[in-house]
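Here the structure is laid out as structure tokens; the discussion comes afterwards.
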Amino acid sequence: GSLSDTTVNEFLARYAGTPLATHLRKRWLDLLSKQQRKAAFIEAYQPGLGTKYTCRYLHYQLHQSDNPDYWFEQVDALWLSGQSRPDECDPVFKQWQEAGHMTTDRVLGRIEKVVRGGDRNLLGYLQRRLPASHHYLVDLWRQTRRSSSTVLKYSLFPRKYPEQEKAVLYYGLIRLAWQTPTKAIKAFQYWQGKIAFSEAQIRQIYRAIAISLVIEGDDNASEWLAKANVPDAEEDVRHWHLAYMLRQSDWQQALEVIQTAPADEQRQDAFRYWRARGLSELNAEQVPQQLYGELAKERHYYGFLASARLQQPPELADKPLEMSDYTLARMSTVPAVQRAYELFKLGRFVEARREWYYLNRRLTNEEKRAVTLLASDWGWHDQAIIGFAQTGYFNDVRRRFPMAFAEEFQQQASEHEVDPAL
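Note that the numbering used here numbers the sequence shown so that position 177 is 267, with each residue one more than the last.
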């Protein structure tokens, strides 16, 4: 038989936020929409259920709202997507368009999203929504997407709409930089005096050219790294700059890159190790040994390299995570933990992971560590490994690298006379 509204609403309230409630809420909203019960749909709706539900919700709100502009603003963001939207969005998009919200700027904004990684089948539809004077911009986007060298065909850019053409040029220059940096340099040097790129755009163009030149081993990399590695540059620029200087064995410059990096980056394992190496190569006294000593106490790649420099065995630092019996017992009684456990034991892994994800979003770091230990004890090793990583506890080596199938490995290795370590 059919369930009453009261029964459904009570279940949704009781299990709010759980995967069970989310699944039921979607089915309930589908039924309410089919029955055209708009008020009930609005009451039962929650954000985050998917685009088709959001579209229906906004459509129903616009039918009864005294303040349509508020709801139209939300439709703006929904429409401005690089992907095609479900059919359920057509009614609300029609209302939105009839109210004059499909402006030229919005259409151009969506075209850029489509080109940058959306559904390119939308381009024809979007081009038809533009004034004829703007159609050439869509053609430019298409050509530049197909071949980034289009930015070298200067006559294709009449500068009729400089801001819009700048968006195409910026997109093309970045793509060309990753493909053929020398061509990107030529194009950028031509356009820089003619198009007013923002500082942020110039910084990104420098970044792409510099890193691409390093990857290609180009001699001009040093010049472009110097341009790219400014105080507010992205972190990867400094990493590539350092890598380039190390490849050149330019220890003085390598140290300079490290010492001009933000303090938090200087504390990173790689930077600490290469600082020690740089000082060592430049014959500094004492400091390298101290830095190596600090690193060698830690269990990571650069810690092992530091141990090798000191000619001592690497530090594995196996410190099992400790948790009180009370905390473990308390967490094992949490309903979401119990549901996840039962689903895991039944082999319903997708549903078990949904419960686990829902649970972890609501826990403190200490509680997350407790349920990570529970997962490890159950033999749910993938979630235990993820849990240790997410909570930042890396020293429980045995649990982070479990020998889940040790007996099977040993048996098969013995049977086939193969070393199990292989």
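Even for Gly, the Cβ is constructed at its ideal location relative to N, Cα and C.
Predicted model only: the values in this text are computed from it and were never measured.
Between residue i and residue j, which are expected to be in contact by the criterion C-beta below 8 Å, what is the C-beta distance as a whole number of angstroms?
i	j	result
Leu381	Arg357	Incorrect: roughly 12 Å between the Cβ atoms, too far for contact.
Ala504	Arg489	A small fix is needed here, since residue 504 is Ser in this sequence, not Ala. Contact doesn't hold; Cβ gap of about 26 Å is too wide.
Trp341	Glu375	Not a contact, Cβ separation roughly 16 Å.
Asp486	Leu411	5 Å
Tyr260	Gln291	5 Å
Glu325	Glu355	6 Å
Glu178	Cys145	5 Å
Tyr150	Phe162	About 14 Å; that fails the 8 Å criterion.
Leu464	Val427	7 Å
Ala286	Leu242	Wrong, their Cβ atoms sit about 20 Å apart, outside the cutoff.
Leu336	Ala323	Not quite, the Cβ-Cβ distance comes to about 18 Å (not below 8 Å), so this is no contact.
Leu227	Gln254	5 Å
Val197	Leu220	6 Å
Leu121	Ala111	With a Cβ gap of about 15 Å, Leu121 and Ala111 do not count as contacting.
Phe491	Phe484	No, Phe491 and Phe484 are not in contact; Cβ-Cβ is about 11 Å, not under 8 Å.
Out of the options, state which residue places its alpha-carbon closest to the alpha-carbon of residue i.
i	options	result
Met166	Leu230, Val182, Leu418 and Asp177	Position check: residue 166 holds Asp in this sequence, whereas Met was assumed. Residue Val182 is the option with its Cα nearest to Asp166.
Lys284	Leu266, Tyr244 and Ala316	Tyr244
Asp209	Ala479, Leu114, Leu230 and Gln173	Gln173
Phe480	Tyr447, Tyr251 and Val427	Reading off the sequence, residue 480 comes out as Gln, not Phe. Comparing Cα-Cα distances from Gln480 to each of Tyr447, Tyr251 and Val427, the minimum goes to Tyr447.
Gly199	Leu114, Pro109, Ala111 and Ala257	Ala257
Leu114	Ser155, Gln233, Tyr135 and Leu332	Tyr135
His331	Ala353, Asp354 and Phe361	Phe361
Asp180	Glu253, Leu148 and Ser155	Leu148
Thr234	Thr350, Ile264, Leu216 and Gln428	Ile264
Ala407	Arg389, Met413, Asp415 and Tyr416	Arg389
Trp268	Leu418, Arg367, Arg297 and Asn310	Arg297
Gly140	Leu119, Asp309 and Gly262	Leu119
Thr454	Trp470, Pro158 and Met421	Met421
Arg328	Gln473, His471, Tyr105 and Gln349	Gln349
Gln126	Leu110, Pro252, His153 and Trp468	His153
Leu449	Arg438, Gln473, Leu436 and Gly469	Gln473
Ser312	Val347, Trp281, Ser288 and Glu289	Val347
Gly437	Trp314, Pro248, Leu110 and Trp468	Trp468
Gly368	Ala353, Arg399 and Asp415	Arg399
Asp309	Glu289, Gln294 and Tyr334	Tyr334
Asp159	Tyr143, Trp186 and Arg175	Trp186
Pro378	Gln282, Ala396 and Tyr251	Ala396
Ala430	Arg104, Tyr416, Ala103 and Pro109	Pro109
Ala43	Pro137, Ser123 and Ser94	Since the first and last residues shown for the chain are 91 and 512, residue 43 lies out of range.
Asn99	Ala129, Glu133 and Ser123	Glu133
Pro252	His224, Leu266 and Arg232	His224
Trp281	Arg452, Leu246 and His506	Leu246
Leu418	Trp470, Glu456, Arg218 and Lys435	Glu456
Lys387	Trp470, Asp359, Ala353 and Asn211	Asp359
- [ ] Would you be able to state if there are at least three C-beta pairs under 8 Å between the segment 257-276 and the segment 221-239?
- [x] Verdict: yes, contact present.
Open item on the list: For the pair the segment 186-193 and the segment 204-212, tell me if three or more CB-CB distances fall below 8 Å.
Closed with: No, they do not touch.
Task: Runs of alpha helix (DSSP H) wholly within the segment 354-385 (minimum 4 residues, chain order) - done: Taking only runs of at least 4 residues, the alpha helix (DSSP H) segments lying wholly in the segment 354-385 are 359-371.
Task: Stretch-stretch touch, CB-based, cutoff 8 Å, three pairs: the segment 491-504 with the segment 452-460 - done: With the cut-off at 8 Å, the segment 491-504 and the segment 452-460 do not touch.
Open item on the list: Does the contact criterion of 3 or more C-beta pairs under 8 Å hold for the segment 401-408 versus the segment 440-457?
Closed with: With a cut-off of 8 Å, the segment 440-457 and the segment 401-408 do not count as touching, because too few Cβ pairs lie within range.
- [ ] Mind the definition here: the segment 292-304 touches the segment 312-324 only if three or more C-beta pairs lie below 8 Å; say whether that holds.
- [x] Yes: at least three Cβ pairs fall under 8 Å.
Open item on the list: Going residue by residue through the segment 371-454, where are the continuous alpha helix (DSSP H) segments of at least 4 residues, counting only ones entirely within it?
Closed with: Those alpha helix (DSSP H) runs which fall completely within the segment 371-454 and span 4+ residues are 377-386, 391-399, 415-422, 425-435 and 439-450.
Open item on the list: List, from N- to C-terminal side, the alpha helix (DSSP H) runs of 4 residues or more that fit wholly inside the segment 106-149.
Closed with: Runs found: 109-124 and 128-134.
Open item on the list: For a minimum of 4 consecutive residues, which ranges assigned as the alpha helix (DSSP H) are wholly contained in the segment 208-248?
Closed with: Along the segment 208-248, the alpha helix (DSSP H) occurs as fully enclosed runs of 4 or more residues at 212-218 and 225-236, listed in sequence order.
Task: Ranges of the alpha helix (DSSP H) found wholly within the segment 245-269, counting only runs of at least 4 - done: Counting only runs of 4 or more, we get 252-269.
Task: Length-filtered (4 minimum) alpha helix (DSSP H) runs lying within the segment 275-358 - done: Along the segment 275-358, the alpha helix (DSSP H) occurs as fully enclosed runs of 4 or more residues at 289-306, 311-318, 325-337, 341-349 and 353-356, listed in sequence order.
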